[in-house]
Amino acid sequence: MGLYDRDYMRADRDTDEYEQRNKPGKGLIVIIISAILIVAFVLAIVLAGN
């Protein structure tokens, strides 16, 4: 149980450091790119269906 708690805390701290390293602006860019890819994927499915 103690080992699990220590690993969980370490993972939680790594996540915080990761979020601080990646600025909000970079996250926004990733979201925009993901949205473009999703739209392109949906359009490809619709066009293939027709």
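Quick note: the sequence shown uses the working numbering, first residue 519, plus one each step. Note that beta-carbon positions come from the ideal geometry of N, C-alpha and C, so glycine has one too. Owing to the predicted nature of the structure, the values given are computational and were not obtained by experimental measurement.
Exercise. Identify, in the order they occur along the chain, each residue of the same chain with its Cβ nearer than 6 Å to the Cβ of Val564, setting aside the five sequence neighbours on each side.
Key: There are no such residues.
Quiz item: So, helix, strand or coil for Ile563, using DSSP?
Solution: Three-state DSSP puts Ile563 in a helix.
Quiz item: Could you give the distance in angstroms between the alpha-carbon of Ala562 and the alpha-carbon of Leu555?
Solution: 10 Å
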